[in-house]
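Asker: This structure is in structure tokens; I'll ask about it shortly.
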Amino acid sequence: MIDSIKASPAGLGLVDQARRKKRWNKTAEVWCSQAFTSRATLSRFWAGQAIRSEMFIAICEAVGVDWQAVAEPHPANDPSHRQASDRTAPNSTNSSQEIGSYIEPYWDRPTCPIWEEVPEPAFFCGRTSELRTLENWIGSDRCRLVGLLGLGGIGKTALAAQYTQLHRDEFEFVIWRSLSPTLSPAQLLTELLQTLSGQQFNQSNQSNQSNQSEKPDSQVLIQYLRAHRCLIILDGVETLLPSQRTTDDRSQLANAEYQAEYIQLLTKLGEANHRSCVLFTSREYPYQLSRLEGEAFPVRCLHLGGLSPTAVQQLAQAKGNLIGAVSEWAALTERYAGHPLALNLVVSTIRNLFGSNITAFLTLLDHSPFLIEEVQELLEAHLDRLGRVPQDLLSWLALNQKPVTLEELQEGLAYSISTSELMQAIATLQRCALIEITTASSCSHIGQETVTLKYTTNLLIQQISWPFGRHFATTTNSNNMNILNEQSDTPEEIAMFNIRQSSHPERNRESVLN
773 MIDSIKASPA GLGLVDQARR KKRWNKTAEV WCSQAFTSRA TLSRFWAGQA IRSEMFIAIC
833 EAVGVDWQAV AEPHPANDPS HRQASDRTAP NSTNSSQEIG SYIEPYWDRP TCPIWEEVPE
893 PAFFCGRTSE LRTLENWIGS DRCRLVGLLG LGGIGKTALA AQYTQLHRDE FEFVIWRSLS
953 PTLSPAQLLT ELLQTLSGQQ FNQSNQSNQS NQSEKPDSQV LIQYLRAHRC LIILDGVETL
1013 LPSQRTTDDR SQLANAEYQA EYIQLLTKLG EANHRSCVLF TSREYPYQLS RLEGEAFPVR
1073 CLHLGGLSPT AVQQLAQAKG NLIGAVSEWA ALTERYAGHP LALNLVVSTI RNLFGSNITA
1133 FLTLLDHSPF LIEEVQELLE AHLDRLGRVP QDLLSWLALN QKPVTLEELQ EGLAYSISTS
1193 ELMQAIATLQ RCALIEITTA SSCSHIGQET VTLKYTTNLL IQQISWPFGR HFATTTNSNN
1253 MNILNEQSDT PEEIAMFNIR QSSHPERNRE SVLN
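Just so you know, our numbering puts 852 at position 80 of the sequence shown, and the rest follows in order with no gaps.
This is the structure:
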């Protein structure tokens, strides 16, 4: 069966008669539900545009019409189609004009669209405004490169998957690729080109290239993205970005070349003029893209925050009823900053250990900080990529527990750093969504993101032998302890006050480094 089908004018007439008998409008919600499709897909169907074959069949069957009587004859019977299919795919040695001549019509694509590793979210809730933003950026504004950024577990992959499920029929090709540090840029380019060319790219390379080690050209990919409306999702770009931690690991040093090539590839995809969109997810913002990004630019990034109390309640009720007042739902959401993964795990804990009673769980939190192990592991991997100064800043912010000004942050460290170093470290933490910057009365305050604050606080309380725990007592300037001696309200603040009282901030810079 062909991958995409469009309705003939006569076929649309048959469907129109059938839907009138059911008293459905052309984009009825019940029709979408029975056909497992979206209103956007129904609109494309009625406009006579090609949609995925399974969607086409489901739409027809929902109103009791034979889909074959509705479909427009496929051009595969046309002799010109067979001639077109005999052409070879482009390779990196072709000029732009030659590349363009090899691009085949959409109907000639036997593998369109291709799906790889697309996750199926068990339950999706909230994110209405974020979905609308993506629809505007990708659909209306035709952005070429869009990033979804945020902490691990915040819902970047789920949002990308939800958008893809709802709008996949608006693209000729859809390719999902989960990334890993072992995937080279050349391998990724080859996979993409093989998919877009129906494996012809690989065959052409084998027959035409004498040097098999020659890397595929990103310009060939861009030519395909110009010729076809494609959606390419790259999930987990942070795995390809360089870590700030110095290391002697040869495998990581060997990946440095890969990392530079990936940044170059993303930059080209954002700079080049094409009609497709590359949507990527990342825990870290590739700062090299900042010069291309802007509200009126075709490169944009969406930073994901936490869910609202209403969305959290929907998420929880999908797992089973919990007992709690509106204020308690709000308190639970605030304690975990609306973090979907953390709250999903917390809901299971409340059901299994607290009899589904939110009040009992919140009472526990009033006596001691609590963070699910899986979330701790996510954050540990995230923070372990940071350099020393960003880690020390997080340590100091955890010790302080409340947002501080830039001057207080700089003076709070036991060793002096330049303003340039400080600003660079702050920018790093902000790109990683580990801090929040608020402005009031023309004065900016810097504080930790709530879930991260719980994690770093736990480390300090337990005095774990980890970069924070090893020298937390040496990162606070004794001349600025008065900043920290505010009234302590929460268990975390009380614990931090006790730690500060027992610390030894008089140690010098050399002892910190050793």
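A virtual CB, placed ideally from N, CA and C, is assigned to each residue, including glycine.
Could you please give me the residues that DSSP links to ALA1199 through a beta bridge?
Answerer: Residue mapping note: residue 1199 aligns to position 427 of the sequence shown, counting from 1. Looking at the DSSP assignment, ALA1199 forms no beta bridge with any residue, so it has no partner.
Asker: Excluding the 5 residues flanking GLY872 on each side, which residues of the same chain have their C-beta closer than 7 angstroms to its C-beta?
Answerer: Translated into the one-based positions of the sequence shown, residue 872 becomes position 100. Caution applies to GLY872, whose pLDDT of 41 falls short of 50 and renders its modelled position unreliable; the value that the coordinates give is listed next. Excluding positions up to five away in sequence, the list reads GLN995.
Asker: Per DSSP, what kind of secondary structure is PHE1133 in: helix, strand or coil?
Answerer: Working through the sequence shown from its first residue, we reach residue 1133 at position 361. Helix.
Asker: Buried or exposed for PRO845, going by 16 or more other Cβ atoms inside 10 Å?
Answerer: Stepping through the sequence shown from its first residue, residue 845 is reached at position 73. Answer is exposed; the Cβ neighbour count stays below 16.
Asker: Skipping 5 residues on each side, what residues in its chain have a beta carbon closer than 7 angstroms to that of ARG1001?
Answerer: Here the question's residue 1001 lines up with position 229 in the sequence shown. Closer than 7 angstroms at the Cβ level, and outside the excluded window around ARG1001, lie PHE943, GLU944, ARG1047, SER1048.
Asker: Since GLN1220 sits in a beta bridge, which residues does DSSP pair it with?
Answerer: The residue you call residue 1220 lines up with position 448 of the sequence shown. Paired residue(s): ILE1207.
Asker: Does DSSP put LEU920 in a helix, in a strand, or in coil?
Answerer: In the sequence shown, counting from the first residue as 1, residue 920 sits at position 148. LEU920: strand per DSSP, three-state reduction.
Asker: Identify which residue in SER1190, ARG916, ALA1103 has its Cα closest to the Cα of ASP1138.
Answerer: In the sequence shown, residue 1138 corresponds to position 366, counting from 1. Answer by Cα proximity: ALA1103.
Asker: Considering only residues of the same chain and omitting the five flanking positions on each side of GLU1065, which have a CB-CB separation below 7 angstroms?
Answerer: Taking the sequence shown and counting its residues from 1, the one referred to as residue 1065 is at position 293. The residues are VAL1071, ARG1072, CYS1073.
Asker: According to the Cβ coordinates, are LEU1150 and GLY925 closer than 8 angstroms?
Answerer: Mapped onto the sequence shown, residue 1150 falls at position 378. Mapped onto the sequence shown, residue 925 falls at position 153. Yes, the pair counts as a contact, with Cβ atoms nearer than the cut-off.
Asker: Short of 6 angstroms in beta carbon distance, which residues of its chain neighbour PRO781, apart from the five on each side in sequence? Order them along the chain.
Answerer: Against the sequence shown, residue 781 aligns to sequence position 9. Correct list: empty, nothing qualifies.
Asker: Count the other C-beta atoms from every protein chain shown that fall within 10 angstroms of the C-beta of VAL1098, then say buried if there are 16 or more, exposed otherwise.
Answerer: Within the sequence shown, numbered from 1, the residue matching residue 1098 stands at position 326. Label assigned to VAL1098: exposed.
Asker: How many angstroms separate the CA atom of GLU902 from the CA atom of ASN908?
Answerer: For the purposes of this step, residue 902 is taken as residue 130 along the sequence shown, with counting starting at 1. For the purposes of this step, residue 908 is taken as residue 136 along the sequence shown, with counting starting at 1. For GLU902 and ASN908, the distance between alpha carbons rounds to 10 angstroms.
Asker: In terms of residue numbering, what span does the alpha helix (DSSP H) encompassing ILE831 cover?
Answerer: Within the sequence shown, residue 831 is the residue found at index 59, counting from 1. Segment 825-834, the alpha helix (DSSP H) holding ILE831.
Asker: First and last residue of the beta strand (DSSP E) that includes THR764?
Answerer: In the structure displayed, the chain extends from 773 to 1286; residue 764 sits before or after that span and is not available.
Asker: Since ASN1091 and VAL1118 are thought to touch, with beta carbons under 8 angstroms apart, how far apart are those beta carbons, to the nearest angstrom?
Answerer: Numbered from 1 along the sequence shown, position 319 holds the residue referred to as residue 1091. Numbered from 1 along the sequence shown, position 346 holds the residue referred to as residue 1118. The sequence as given places Lys at residue 1091; Asn does not occur at that position. Not really, about 11 angstroms apart at Cβ, beyond 8 angstroms.
Asker: Which of the three DSSP states, helix, strand or coil, is assigned to ILE1189?
Answerer: What you label residue 1189 is simply residue 417 of the sequence shown in a count that begins at 1. Reduced to three states, the DSSP call for ILE1189 is coil.
Asker: CA-CA distance, ILE1207 and SER825?
Answerer: Counting from one through the sequence shown, the residue named residue 1207 turns up at place 435. Counting from one through the sequence shown, the residue named residue 825 turns up at place 53. When rounded, the distance between both Cα atoms is 46 angstroms.
Asker: Which one or two residues does DSSP pair with ILE947 in a beta bridge?
Answerer: The residue given as residue 947 occupies position 175 in the sequence shown. Answer by DSSP bridge pairing, in chain order: ILE1004.
Asker: Give the range of the beta strand (DSSP E) segment to which GLY1073 is assigned.
Answerer: By one-based count along the sequence shown, residue 1073 stands at place 301. Per the sequence shown, the amino acid found at residue 1073 is Cys instead of Gly. Looking at the DSSP string, the run of the beta strand (DSSP E) that includes CYS1073 is 1071-1075.
Asker: Out of curiosity, what's the CA-to-CA distance linking GLN1148 and TYR1227?
Answerer: Counting from 1 along the sequence shown, the entry for residue 1148 is found at position 376. Counting from 1 along the sequence shown, the entry for residue 1227 is found at position 455. Their Cα atoms are separated by approximately 7 angstroms.
Asker: So, for LEU1013: in the same chain, excluding its five sequence neighbours on each side, which residues have a beta-carbon less than 7 angstroms away from its beta-carbon?
Answerer: Within the sequence shown, numbered from 1, the residue matching residue 1013 stands at position 241. Taken in chain order, the residues that qualify are GLN1031, GLU1056, PRO1058.
Asker: Going straight from the alpha carbon of PRO885 to that of PHE1052, what length do you get?
Answerer: Against the sequence shown, residue 885 aligns to sequence position 113. Against the sequence shown, residue 1052 aligns to sequence position 280. No answer about PRO885 holds up, because its pLDDT of 48 lies below 50 and its placement is not dependable.
Asker: Would you call the segment 1081-1088 and the segment 951-968 in contact, with 3 or more CB pairs under 8 angstroms?
Answerer: As far as the Cβ criterion goes, the segment 1081-1088 does not touch the segment 951-968, which means the pair count is below three.
Asker: Could you tell me whether the segment 800-812 touches the segment 830-840, where touching means 3 or more Cβ pairs closer than 8 angstroms?
Answerer: Yes, the segment 800-812 touches the segment 830-840.
Asker: Which residues in the same chain as ARG899 place their Cβ atom closer than 6 angstroms to its Cβ, once the five residues preceding and following it in sequence are excluded?
Answerer: Counted from its first residue, the sequence shown places residue 899 at position 127. For ARG899, where only same-chain residues beyond five positions count, the Cβ hits under 6 angstroms are LEU931.
Asker: When DSSP builds the beta bridges, which residues end up paired with CYS1215?
Answerer: Taking the first residue of the sequence shown as 1, we reach residue 1215 at position 443. DSSP output for CYS1215 lists ALA1212 as bridge partner(s).
Asker: Roughly how many angstroms lie between the CA atoms of GLU749 and GLN1060, to the nearest whole one?
Answerer: Absent from the model: residue 749. The displayed extent of the chain is 773 to 1286, so no value can be given.
Asker: Determine whether the beta carbon atoms of GLU1169 and GLN1220 lie at a separation below 8 angstroms.
Answerer: Numbered from 1 along the sequence shown, position 397 holds the residue referred to as residue 1169. Numbered from 1 along the sequence shown, position 448 holds the residue referred to as residue 1220. What sits at residue 1169 in the sequence shown is Leu, not Glu. Contact flag set, yes.
Asker: Over what stretch of residues does the alpha helix (DSSP H) that includes TRP818 continue unbroken?
Answerer: Here residue 818 is taken as the residue at index 46 of the sequence shown, counted from 1. Note, TRP818: alpha helix (DSSP H), 811-818.
Asker: With 16 other CB atoms within 10 Å as the buried threshold, where does GLU1010 fall?
Answerer: Here residue 1010 is taken as the residue at index 238 of the sequence shown, counted from 1. Counting Cβ neighbours within 10 Å, GLU1010 comes out buried, since at least 16 surround it.
Asker: Roughly how many angstroms lie between the CA atoms of LEU1178 and ARG914, to the nearest whole one?
Answerer: Counting from one through the sequence shown, the residue named residue 1178 turns up at place 406. Counting from one through the sequence shown, the residue named residue 914 turns up at place 142. About 38 angstroms.
Asker: Does the ligand NAD have a heavy atom nearer than 7 angstroms to the CB of ASP788?
Answerer: The ligand NAD is not among the ligands present in this structure, which contains no ligands whatsoever.
Asker: Buried or exposed for PHE895, please, with buried defined as at least 16 other CB atoms from any protein chain shown within 10 angstroms of its CB.
Answerer: One-based indexing of the sequence shown puts residue 895 at position 123. It counts as exposed.
Asker: Among residues of its own chain, excluding the 5 on either side of GLN1182, which ones have a beta-carbon nearer than 8 angstroms to its beta-carbon?
Answerer: On the sequence shown, position 410 is the one that residue 1182 refers to. The answer, listed in chain order, is ILE1189, THR1191, LEU1194.
Asker: If I'm right that THR799 touches LEU784 with Cβ under 8 angstroms, what's the distance once you round it to whole angstroms?
Answerer: Against the sequence shown, residue 799 aligns to sequence position 27. Against the sequence shown, residue 784 aligns to sequence position 12. With a Cβ gap of about 14 angstroms, THR799 and LEU784 do not count as contacting.
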